[in-house]
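Notes for the one structure printed next.
Chains as they are written, first to last, in my numbering: chain A, 26 to 425; chain B, 26 to 425.
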């Protein structure tokens, strides 16, 4: 189970480093990754390889010798392509100077928290939440403060009152992940306006993770093929930082390519932080990103259709009578409440052993996730049908 | 000149982020990078593209669909190949569990300082030094403390007395970069023993940057094709962390691939920090690294020969009577003392304008580097001959 021995105290590490939590998802993944026949629905990636036109763009760049140091903010062609993508999706003009290429969404987030939070600060995160928010905040020296969302038969909701009560003089930012990993909660324009107004009143930054925005399943949240965005409601001077990734839309999880959208006034600070973080992103990888942005719409449409069908398949888990699942409005995760479950981690490990299916334990997403399991349904239908069959068969034994 | 406007105070950034210095090398590079006909000797990279067998290994991996998330510590094949490389170069056994793949030497260093230093701490750096050490330390919240080296007709020397006097109760580590960028200073075994003993007495970490180790020009420091290493003098339990990169030996600057060598007891902490930094390095890039390690020795030999010849060519700059240059024992930089120079940055900018040659200003490497210019001589000989001609022609005007 990959339990780690404590670091000998003679090595005398910084507490922020030692306290960086081991991801509860990685624990389970490491335990079961090499098990023959396992259906892996634990991590946030689909089963499709990166489309070949993207791989070929990168290979071409390599063969042309684009193997030298490059711009710390990203190659101009990619920053331009990202701006053009935003213009298509949000139907208004975007300045390429707002976009900074990073080596994945995670580096973008690390730069964000490096800029706005540190020792003594607090950052609010509605939970359940992707554990890497808390990880990045902890490493910055700040304290992640989870604010539980509420749930009813219609699904998850932001608890605005509790969110505002959690603000202290140390609070620096609020993380808003919509559509949410793991719950699929999706903010309405009204939700976004309320958060923005709260942030303005208290002088806080908003860290917006809208990476699943194209995966919108509920027509009530569908604005011409994407979910409501802070970009629709914010003013130019609002303190909003967007973290973004190529991983999900274009099946590029293994490429480590993302971007940060920020006020251009932060350009030099971001450039310096990139310099001391990764010293830039390989040009040949960025060429893959340009191809994705410029030729990737058909592929995204296929992925979205795949996710929609996957969502319907896994919904049938409720027929066991042991699972509750308000249908997620967006993203590609089912966050399954398991009736009678006390330790979601135990159940996740036992599902590997007894059903040969890999799910992520809800406890990895904060206390509010205990008793849940997260299932990624961006996968081929036969696998999902078989996974539902195996889980339905095993579950009565596990919570009996 | 890429001078950056201050960040509006309403944005209220963390001081560590705002204080992250803009690299004085990047300033000059940004100014002149697109000038037609410029001979670019400013940054630490040669003019050769990555060898095709390395590019092809990466392209093959891409076409085989290795585009998914992977091991946070690096793929087992690469960790094994790195261990085997060390066994060949250092002629003793190495455990693959000591090696952690990172997305470049810079991310390795960021993880190192994240583990061992933070707010309130100090880290000693003999100077002149590569500016990114101080950058990474500053961002960690700690304070980089430059300790000037001394220079005489034979070259640069560590000032052990001054180094030990600079240790305070807040000191956590000493950075030792041998062979040094920018000076070419190379530690003897006796030097390394003295540093190690000092670190032991005061309970400090050593951060060892020996990335130029294969580029050894002075036979007095040549141990079967590499310079003296802490690996030769340390005991198993010594607190030494090695940062490493594929950039120099294998001409892979643009790939962002490196590694960290550390006690295996730190494995889980390092894995967590990788998770929240880059979430791993692309598998297809790591496949390039395996090819480099396993088939790269002929290429390295060519690079070393190229550097040796380059070193001889640039030595002729002393014939101007305006340049002092104790010949560097290792690495591939000439650190030129310009007689009568007061601002190396001004001279660097004027050399771009008037000689169309790009050098890095010595002031970028700390106060001890003021009055110097750094020239990277890992480049084709015609370019170096022409650069020497142009510099020799312009210099009398610039310091006249």
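All C-beta atoms in this analysis are idealised placements derived from N, C-alpha and C, irrespective of residue type, glycine included.
> In chain A, which residues lie with their C-beta within 8 Å of the C-beta of residue 166(B)?
Replying inline: Position 141 of the second chain, counted from the first residue, corresponds to residue 166(B). The contact set of residue 166(B) on chain A, defined by CB atoms closer than 8 Å, consists of 143, 144, 166 in chain order.
>> If you reduce the DSSP assignment to three classes, tell me which class residue 302(B) lands in.
In response: On the second chain, position 277 is the one that residue 302(B) refers to. If DSSP states are grouped into helix, strand and coil, residue 302(B) belongs with the helices.
>> Going by DSSP in three states, residue 168(A) sits in which element: helix, strand or coil?
In response: Mapped onto the first chain, residue 168(A) falls at position 143. Correct three-state label for residue 168(A): strand.
>> Going by the DSSP bridge assignment, what does residue 401(B) pair with across the sheet?
In response: Within the second chain, numbered from 1, the residue matching residue 401(B) stands at position 376. Paired residue(s): 358(B).
> What did DSSP end up calling residue 181(A) once you bin it into helix, strand or coil?
Replying inline: The residue given as residue 181(A) occupies position 156 in the first chain. Strand.
>> Whether or not the region 305-324 of chain A and the region 346-361 of chain A are in contact is what I'm after, with contact meaning three or more pairs of Cβ atoms, one per stretch, closer than 8 Å; do they touch?
In response: Contact between the region 346-361 of chain A and the region 305-324 of chain A is absent, with fewer than three C-beta pairs closer than 8 Å.
>> For the region 262-278 of chain A against the region 60-72 of chain A, do three or more pairs of beta-carbon atoms, one drawn from each stretch, fall closer than 8 Å, so that the two count as touching?
In response: They touch, by the three-pair rule.
> Can you tell me whether DSSP reads residue 278(B) as helix, strand or coil?
Replying inline: Counting from 1 along the second chain, the entry for residue 278(B) is found at position 253. Taken through DSSP and simplified to helix, strand or coil, residue 278(B) comes out as helix.
> Do you know how far the Cα of residue 380(B) is from the Cα of residue 420(B)?
Replying inline: Working through the second chain from its first residue, we reach residue 420(B) at position 395. Working through the second chain from its first residue, we reach residue 380(B) at position 355. Approximately 9 Å, taken between the alpha carbons.
>> Against chain A, which members of the region 146-163 of chain B pass a CB distance test of less than 7 Å?
In response: Closer than 7 Å at the C-beta level to chain A, one finds these residues of the region 146-163 of chain B: 157, 160, 161.
> For the alpha helix (DSSP H) that contains residue 375(A), what are its first and last residues?
Replying inline: Your numbering for residue 375(A) matches position 350 in the first chain. From DSSP, the alpha helix (DSSP H) with residue 375(A) extends over 369-380.
>> Comparing C-alpha positions only, which one of 346(A), 359(A), 302(A) sits nearest to residue 138(A)?
In response: Within the first chain, residue 138(A) is the residue found at index 113, counting from 1. If we check each option's Cα against that of residue 138(A), 302(A) comes out closest.
>> If we define contact as Cβ-Cβ less than 8 Å, is residue 308(B) a contact residue for chain A?
In response: As a working note, residue 308(B) is residue 283 in the second chain. Residue 308(B) counts as touching chain A.
> Relative to the C-alpha of residue 394(B), which residue among 268(B), 255(B), 148(B), 155(B) is closest?
Replying inline: Stepping through the second chain from its first residue, residue 394(B) is reached at position 369. When each option's Cα is compared against that of residue 394(B), the closest is 155(B).
> Using CA coordinates, which residue listed in 359(A), 409(A), 414(A) is at the minimum distance from residue 400(A)?
Replying inline: For the purposes of this step, residue 400(A) is identified with residue 375 of the first chain, where counting begins at 1. Of all alpha-carbon atoms in 359(A), 409(A), 414(A), the one lying nearest the alpha-carbon of residue 400(A) is that of 359(A).
> Excluding sequence positions up to five away, which residues of its chain have a Cβ less than 6 Å from the Cβ of residue 171(A)?
Replying inline: Residue 171(A) sits at position 146 when you count from the first residue of the first chain. Same-chain partners within the cutoff: 150, 152, 391.
> In terms of residues, what are the limits of the alpha helix (DSSP H) holding residue 50(B)?
Replying inline: Here residue 50(B) corresponds to residue number 25 of the second chain, with the count starting at 1. That run of the alpha helix (DSSP H) goes 49-57.
>> Against chain A, with Cβ distances strictly below 8 Å, would residue 284(B) count as a contact?
In response: Your numbering for residue 284(B) matches position 259 in the second chain. Not an interface residue.
> Going along chain B, which residues have a C-beta under 8 Å from residue 401(A)?
Replying inline: Translated into positions along the first chain, residue 401(A) becomes position 376. The contacting residues do not exist; residue 401(A) stays about 12 Å from chain B at best.
> Would you say residue 90(A) reaches chain B, if we count a Cβ-Cβ gap shorter than 8 Å as a contact?
Replying inline: Along the first chain, read from residue 1 onward, the residue named residue 90(A) stands at position 65. By this cut-off, residue 90(A) is an interface position.
> Leaving out five residues before and five after residue 188(B) in sequence, what residues of the same chain have Cβ atoms less than 6 Å from its Cβ?
Replying inline: Along the second chain, one-based indexing puts residue 188(B) at 163. Cβ neighbours of residue 188(B) beyond the five flanking positions: 172.
>> Check for me: the alpha helix (DSSP H) holding residue 41(A) runs from which residue to which?
In response: Residue numbering aside, residue 41(A) sits at position 16 when the first chain is read from its first letter. In this chain, the alpha helix (DSSP H) harbouring residue 41(A) covers 40-44.
> Under a CB-based cut-off of 8 Å, is residue 388(B) close to chain A?
Replying inline: The count along the second chain starts at 1 and reaches residue 388(B) at position 363. So no, residue 388(B) is outside the interface.
> How about residue 284(A) and residue 107(A): do their beta carbons lie closer than 8 Å?
Replying inline: As a first step, residue 284(A) is located in the first chain; it is residue number 259 there, counting from the start. As a first step, residue 107(A) is located in the first chain; it is residue number 82 there, counting from the start. Contact flag set, yes.
> What residues of chain A sit near residue 346(B), judged by a beta carbon separation below 7 Å?
Replying inline: Here residue 346(B) is taken as the residue at index 321 of the second chain, counted from 1. Simply none; closest approach about 34 Å.
>> Short of 8 Å Cβ to Cβ, which residues in the region 91-102 of chain B face chain A?
In response: Under the 8 Å Cβ criterion, the region 91-102 of chain B contributes 91, 92, 93, 94, 95, 97.
> Buried or exposed: which applies to residue 34(B), given that a residue is buried once 16 or more other Cβ atoms fall within 10 Å of its Cβ?
Replying inline: Against the second chain, residue 34(B) aligns to sequence position 9. Per the 10 Å Cβ criterion, exposed.
> Should the region 288-307 of chain B be called in touch with the region 45-56 of chain A, which here means at least 3 C-beta pairs below 8 Å?
Replying inline: The region 288-307 of chain B, when compared against the region 45-56 of chain A, does touch it at the 8 Å Cβ threshold.
> In chain order, what residues of the region 49-60 of chain B put their CB closer than 8 Å to some CB of chain A?
Replying inline: Those residues of the region 49-60 of chain B that come within reach of chain A (Cβ to Cβ, closer than 8 Å) are 51.
>> For residue 234(A), count the other beta carbons within 10 Å of its own beta carbon; 16 or more makes it buried, fewer makes it exposed. Which is it?
In response: Numbered from its first residue, the first chain carries residue 234(A) at position 209. Residue 234(A) is buried by the Cβ-count criterion.
> Any idea if residue 251(A) is buried or exposed, counting beta-carbon neighbours within 10 angstroms, 16 or more meaning buried?
Replying inline: Your numbering for residue 251(A) matches position 226 in the first chain. Residue 251(A) is buried by the Cβ-count criterion.
> Hey, out of 244(A), 288(A), 81(A), 372(A), whose CA is closest to residue 88(B)'s CA?
Replying inline: Taking the first residue of the second chain as position 1, residue 88(B) is located at position 63. Nearest C-alpha to residue 88(B) among 244(A), 288(A), 81(A), 372(A): 81(A).
> Does DSSP classify residue 245(B) as helix, strand or coil?
Replying inline: In the second chain, counting from the first residue as 1, residue 245(B) sits at position 220. Three-state result, residue 245(B): helix.
>> Closer than 9 Å between beta carbons: that is the criterion. Which residues of the region 296-307 of chain A meet it against chain B?
In response: The region 296-307 of chain A vs chain B, Cβ under 9 Å: 296, 297, 298, 300, 301, 302, 303, 304, 305, 306, 307.
>> Counting only Cβ pairs nearer than 9 Å, list the residues of chain B close to residue 279(A).
In response: The residue given as residue 279(A) occupies position 254 in the first chain. Neighbours of residue 279(A) on chain B, chain order: 91, 92, 93, 94, 95, 305, 307, 308, 309.
> Shortest alpha-carbon distance to residue 231(B) belongs to which of 199(B), 241(B), 338(B), 422(B)?
Replying inline: Position 206 of the second chain, counted from the start, is the residue given in the question as residue 231(B). Minimum Cα distance to residue 231(B) is reached at 199(B).
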